[in-house]
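Down below is the structure, laid out as structure tokens.
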Amino acid sequence: MEPIYLYLAMLFWFVVIIVLSEYSRRELGSGVDEFVLAGRDLGGFVSAMTYSATTFSSFMMVGLVGLTYSGGVAAVGFEMTYIVFTVLLLIVFAPRFWSASRVYGVITPPELLSERYGFNAGVVSAVICLVMLIPYMAIQMMGVGFLLEGMTGGSIPYMHGVYLVGLLSIAVTVWAGMRSVALTDALQAIVMLVSALILLLYVFYVFFGSPGGFINTISVENPGLLGITWDFNMFVGLTLPWAFFALTNPQVSQRMFVSRDVVSLKRMVIYFALFGFIYTIISTLLGLSAANLIPGLEDPDNAMPVLLTMVPEVLGLVVFLGIFAASVSTLGSVLLTLSSIGGRDLVSQDISSRKEVLLNRGIILLLVAACIVFASMRLDLIAVLASAASAGLLVMAPTIVGAFFWKKATRQAATISMAIPGIIVITLYALNLEPLGWWPAVWGLITATALYIIISLTTESNGDGEQFINEIQREMDKNGF
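Pasting the structure below:
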């Protein structure tokens, strides 16, 4: 594809996003609560779309397509496990997160842990979020970089895509905070889903004759892709971090704070479930199609870029915009969340609200610079990188679950059970170690759970847990949960 077409498409999208961001800025109120959470006043549809766009990044149309290309239908099980667990976790925890945000006025997930366990637990959680999510943010830049490079045969350098995604994400987040992020996410989620569906239908009918022809071709020519090609340890290692994604990744758990009311929160869960199921099926079917049409690729992450060179340029541009939109929306959401964590949980909370918003904007610029450095390393396999980042965040799962259900859990248990397993996970990934054949995520969760339980049973609780849980329950009862 001619590079000029892609540059024009990105310029068009840039203008659209800027217009929406300016519209959002005019609705923006004052204060950090308004900047980070849109005043906790988003409706059900917008809440669901910003949740979906934040969750389903370029990983889906680049990483998951590549994972399916190389591993077959096992990737479907991996992603469907995530969808099912996320919906179940949202049903249980979304009312509790939402109620906690009303009772305590918390802005960030680490701040919620500070309310339950004390300041140190919040700081440890904040540090883990910052360390683990820089690679995850870089993945969004990498997805577009790989795509542009592949679609143009290298005429558009990989780093151009990295810079462009970073620039647009800065514009979205700094301009009007959550209001611009949420509104642009809603549009970008629709573009992501519609463009992917159009591509799938084109591939089915042009290259295979029909959906039935696709099934017959795959069954005859690539039956191996329809079997289980992953060993159990690999499946658990990749899937486990994603199963708890809704709780441990702050950019999505923070979305449980923003709904206007109970009805909006429930609609968010329902709409997300529908969006996630459809988008997952589309992405995996495209991966299977690519495996049949373009076999033998050395890098599975190039499956989508190469596939887009086989379709009409207009369709390729539309799909590219969908992937570009997914990257921008996810990166923008994570930037906003991490900037609020840095400003609220790691810097003095005594500063004025206006200064905190300025601090958040400064942190966004620093984070983008760090992500560009990481993306320039061009590490392989986006899906594995995403799970590695989530594996580090997984160590917070016992502490988060216990915050709402175990009154006797102690401050010491929360702090230590996040810090030590976090170091273990980073070390295992850095040294490429899998003790007894199990991935770092498994060891991280095991050690975090064991430490959380043992230390809670051997240290004295000050009663904060009972008060916290009782107040959350009263708020839930008041709102009809």
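By the count of my numbering, the sequence shown reaches residue 978 at its end, each step adding exactly one. Ideal placement from N, C-alpha and C gives every residue a C-beta, glycine not left out.
Cutoff 7 Å; reference residue i; Cβ partners in own chain excluding five residues on either side
{"i": "E972", "result": "S596, R599, V600"}
{"i": "P895", "result": "S914, A945, T946, Y949"}
{"i": "G647", "result": "N799, P802, V803"}
{"i": "I921", "result": "W940, G941, T944"}
{"i": "T552", "result": "V749"}
{"i": "N746", "result": "S887, L890"}
{"i": "G526", "result": "G536"}
{"i": "M893", "result": "S622, I625, T745, M915"}
{"i": "L818", "result": "A506, W510, V688, S692"}
{"i": "G977", "result": "V759"}
Per DSSP, the bridge partner or partners of residue i
{"i": "L539", "result": "S756"}
Reduced DSSP category for residue i - H, G, I as helix; E, B as strand; rest coil
{"i": "A888", "result": "helix"}
{"i": "F616", "result": "helix"}
{"i": "K852", "result": "helix"}
{"i": "E968", "result": "helix"}
{"i": "M498", "result": "coil"}
{"i": "N730", "result": "helix"}
{"i": "W595", "result": "helix"}
{"i": "W739", "result": "helix"}
{"i": "L814", "result": "helix"}
{"i": "V603", "result": "coil"}
{"i": "N799", "result": "helix"}
{"i": "I791", "result": "coil"}
{"i": "G526", "result": "coil"}
{"i": "K905", "result": "coil"}
{"i": "D847", "result": "coil"}
{"i": "R764", "result": "helix"}
{"i": "W935", "result": "coil"}
{"i": "L928", "result": "coil"}
{"i": "M546", "result": "helix"}
{"i": "G840", "result": "helix"}
{"i": "E531", "result": "helix"}
{"i": "F871", "result": "helix"}
{"i": "I775", "result": "helix"}
{"i": "T806", "result": "coil"}
{"i": "M634", "result": "helix"}
{"i": "E608", "result": "helix"}
{"i": "S554", "result": "coil"}
{"i": "F978", "result": "coil"}
{"i": "M893", "result": "coil"}
{"i": "T956", "result": "coil"}
{"i": "G859", "result": "helix"}
{"i": "N713", "result": "helix"}
{"i": "G819", "result": "helix"}
{"i": "G962", "result": "helix"}
{"i": "G829", "result": "helix"}
{"i": "I951", "result": "helix"}
{"i": "G919", "result": "helix"}
{"i": "G724", "result": "coil"}
Close Cβ partners of residue i (< 6 Å) along its chain, the five nearest in sequence each way excluded
{"i": "L843", "result": "A623"}
{"i": "A770", "result": "V584"}
{"i": "E853", "result": "V529, G840"}
{"i": "P592", "result": "M973, F978"}
{"i": "S826", "result": "A550, D682, Q685"}
{"i": "A673", "result": "S518, S521, R522, L525"}
{"i": "V543", "result": "A679, A683"}
{"i": "T955", "result": "none"}
{"i": "A910", "result": "Y949, I952, S953"}
{"i": "A545", "result": "M765, Y768, F769"}
Other residues of its chain near residue i: CB distance less than 8 Å, five sequence neighbours each side excluded
{"i": "W935", "result": "N730, V733, G734"}
{"i": "Y502", "result": "E810, L814"}
- Query: Should the segment 626-641 be called in touch with the segment 831-850, which here means at least 3 C-beta pairs below 8 Å?
  - Reply: yes
- At a cut of 8 Å, does the segment 798-811 reach the segment 619-627 through at least three beta carbon pairs? no
- Message: With a threshold of 8 Å, are at least 3 pairs of Cβ atoms found where one atom belongs to the segment 776-785 and the other to the segment 856-869?
- Response: no
- Message: Check whether the segment 732-746 and the segment 568-579 touch, using three or more Cβ-Cβ pairs below 8 Å as the test.
- Response: yes
- Query: Would the segment 749-766 and the segment 531-540 be scored as touching if the rule is three or more Cβ pairs under 8 Å?
  - Reply: yes
- Would you check if the segment 676-685 and the segment 837-845 touch, i.e. whether three or more CB-CB distances between them fall below 8 Å? no
- Message: Please give me, in chain order, every unbroken run of the alpha helix (DSSP H) with length at least 4 that falls completely inside the segment 558-597.
- Response: Counting whole runs of 4 or more residues, the segment 558-597 contains the alpha helix (DSSP H) stretches 562-568.
- Examine the Cβ distances between the segment 635-650 and the segment 782-793 and report whether three or more of them are shorter than 8 Å. no
- Message: As an exercise, report each continuous alpha helix (DSSP H) stretch of at least 4 residues that is fully enclosed by the segment 640-710, in chain order.
- Response: 655-704
- Item | Touch test, the segment 778-787 against the segment 696-705, Cβ-Cβ under 8 Å, three pairs minimum | yes
- Task: Could you say if the segment 923-937 and the segment 868-877 meet the contact criterion of at least three C-beta pairs nearer than 8 Å?
- Result: Verdict: no, contact absent.
- Task: Inspect the CB distances between the segment 958-967 and the segment 604-614 and report whether three or more fall short of 8 Å.
- Result: yes
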